[in-house]
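According to the numbering used here, the sequence shown is numbered sequentially starting from 79.
Using N, Cα and C, we set each Cβ at its ideal position, and we do this for glycine too.
From a predicted model like this one, the values you see are computed outputs, not experimental measurements.
In what follows, a structure is listed as structure tokens, so that the remarks can point back to it.
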Amino acid sequence: MARRRFMQCDVFTSTPTKGNGLAVIIDADSLTDTQMQDFAAWTNLAETTFLLPPTDPSADYRVRIFTPTREMLFAGHPTLGSCACWLKAGGTPRDPERVVQECGVGLVEIDHTGTLPAFVAPPTKIAPMDPAEHARIVAALALDPAKILRTARLENGPVWQAFELASADDVLAADWSAVRWPDFKAIGLIGAHPAGAPTQYEVRMLAPSSGMSEDPITGSLNAALARWMRSEGRLSEDILVSQGTSIDRHGRIAIRPDPADPERTLIGGETLILIEGSVDL
């Protein structure tokens, strides 16, 4: 057992306790896989991360990401939260305009040139959703087929069963009571708000592996949705997405497509560090 630096932060919000919480162990070098998983189960947050020296010379640090039940290759709010905690703990990036994170999907850039820090959405595999899975989810959520605009199976580390619905109200009205992990896995819903609303889209992520009813704010899902929309020519300007509304969170995700590079879409948000200290682990 050793004393290790520890931080807890709230990501994708400007209001403390209204974002997505993240626990971060700064000095995780000597921890075993079992210790990491046990600690993540103990925090019982959607994700807990562990910072390590990079193995790739291009990276500033390496992160491992755990839910209470499993390790993940990539996740969005742990990327922004881990980066903020690494910087707060005294980390110095090679490039002052960006931090390079090493994780299960490879290298992820966190851009610091804009108003908000933003990670570059990783490559996303886009495929048709399996018809049987589509029918099963529609029945479980009691979705009106006439309100489903399009669907896809998206993979950017996690795998998402994504539904774009006719409106944000349709997204918020979806009944999640019959949808739980592991019988269902990572369902993403997105729908547009009316013109003039504070945000352009509403997103929900149902059946998270954390065991929650739904995930508060999900950067990796928003990244996959943004790559999907952009691949179909439906994302040409900056948008602001709200998530967590149905569970009393105030999540805000800023999505910025780089006009000079169709493969570069930035997923940004605020991180608030709420707790700093140490943990004996």
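Open item on the list: Determine whether the beta carbon atoms of residue 84 and residue 154 lie at a separation below 8 Å.
Closed with: Contact flag unset, no.
TODO: Output the boundary residues of the beta strand (DSSP E) element that contains residue 85.
DONE: Secondary structure note for residue 85: its beta strand (DSSP E) is the uninterrupted segment 81-89.
- [ ] With a 10 Å radius around its C-beta and 16 neighbouring C-beta atoms as the bar for buried, classify residue 162 as buried or exposed.
- [x] Here residue 162 is buried: its Cβ has 16 or more other Cβ atoms, across all protein chains shown, within 10 Å.
TODO: Tell whether a beta-carbon distance below 8 Å holds between residue 69 and residue 138.
DONE: Only positions 79 to 359 of the chain appear in this structure, which leaves residue 69 out of reach.
- [ ] Look at the Cβ atom of residue 292, then the Cβ atom of residue 238, and state whether they are nearer than 8 Å.
- [x] Between residue 292 and residue 238, the C-beta spacing is not below 8 Å.
Open item on the list: For a quick check, are the C-beta atoms of residue 180 and residue 156 less than 8 Å apart?
Closed with: Contact: no.
Task: Beta-bridge partners of residue 269, as assigned by DSSP - done: Answer by DSSP bridge pairing, in chain order: 243, 280.
TODO: Below 6 Å CB to CB, which residues in the same chain sit around residue 321 once its five sequence neighbours on both sides are set aside?
DONE: Excluding residues within five positions, the ones whose Cβ falls inside 6 Å are 281, 295, 329.
- [ ] Leaving aside the five residues before and after residue 121 along the sequence, list all residues of the same chain whose C-beta is less than 7 Å from its C-beta, in chain order.
- [x] Around residue 121: 101.
Task: residue 209 (DSSP reduced to helix, strand or coil) - done: Residue 209: helix per DSSP, three-state reduction.
TODO: Check each candidate in 134, 218, 286, 145 and name the one with the smallest Cα separation from residue 117.
DONE: In this structure, 145 is the residue among 134, 218, 286, 145 with its C-alpha nearest to the C-alpha of residue 117.
- [ ] Have a look at 344, 341, 327 and flag the residue whose alpha-carbon is nearest the alpha-carbon of residue 88.
- [x] Ranking the options by Cα distance to residue 88, first place goes to 327.
Task: Three-state secondary structure (DSSP) of residue 120 - done: Taken through DSSP and simplified to helix, strand or coil, residue 120 comes out as helix.
Task: N-terminal and C-terminal residue of the alpha helix (DSSP H) that residue 97 is part of - done: Counting along the chain, no alpha helix (DSSP H) covers residue 97, and no H or E run does either.
Task: Span separating the alpha-carbon of residue 160 from that of residue 129 - done: Whole-angstrom Cα-Cα distance: 8 Å.
TODO: Could you please give me the residues that DSSP links to residue 181 through a beta bridge?
DONE: When DSSP reads this structure, residue 181 sits in a beta bridge with 184.
Task: Bounding residues of the beta strand (DSSP E) (the contiguous stretch that carries residue 297) - done: Where residue 297 is concerned, there is no enclosing beta strand (DSSP E), although the alpha helix (DSSP H) it sits in stretches over 297-309.
- [ ] For my contact list, residue 195 and residue 158 are in at a C-beta cut-off of 8 Å; report their separation, rounded to the angstrom.
- [x] At roughly 6 Å, the Cβ-Cβ gap stays under 8 Å, so residue 195 and residue 158 are in contact.
Task: DSSP state of residue 257 mapped onto helix, strand, coil - done: Reduced to three states, the DSSP call for residue 257 is coil.
- [ ] Report yes if the C-beta distance between residue 285 and residue 265 is below 8 Å; otherwise report no.
- [x] For residue 285 and residue 265, yes; Cβs fall inside 8 Å.
Open item on the list: Could you tell me the alpha carbon to alpha carbon distance between residue 167 and residue 81, rounded to whole angstroms?
Closed with: Each residue's alpha carbon lies about 15 Å from the other.
- [ ] Determine the direct distance from the alpha carbon of residue 229 to that of residue 207, and round the result to whole angstroms.
- [x] Their backbone Cα atoms lie some 7 Å apart in a straight line.
Task: Classification of residue 341 by the beta-carbon crowding that lies within 10 angstroms, buried from 16 upward - done: By the 10 Å Cβ count, residue 341 comes out exposed.
Open item on the list: Let's test the definition: count the other Cβ atoms within 10 Å of the Cβ of residue 274 and tell me whether it reaches 16, buried, or not, exposed.
Closed with: That one is exposed.
TODO: Taking only the alpha-carbon atoms, compute the straight-line gap between residue 123 and residue 147 and give it to the nearest angstrom.
DONE: Each residue's Cα considered, the two are about 11 Å apart.
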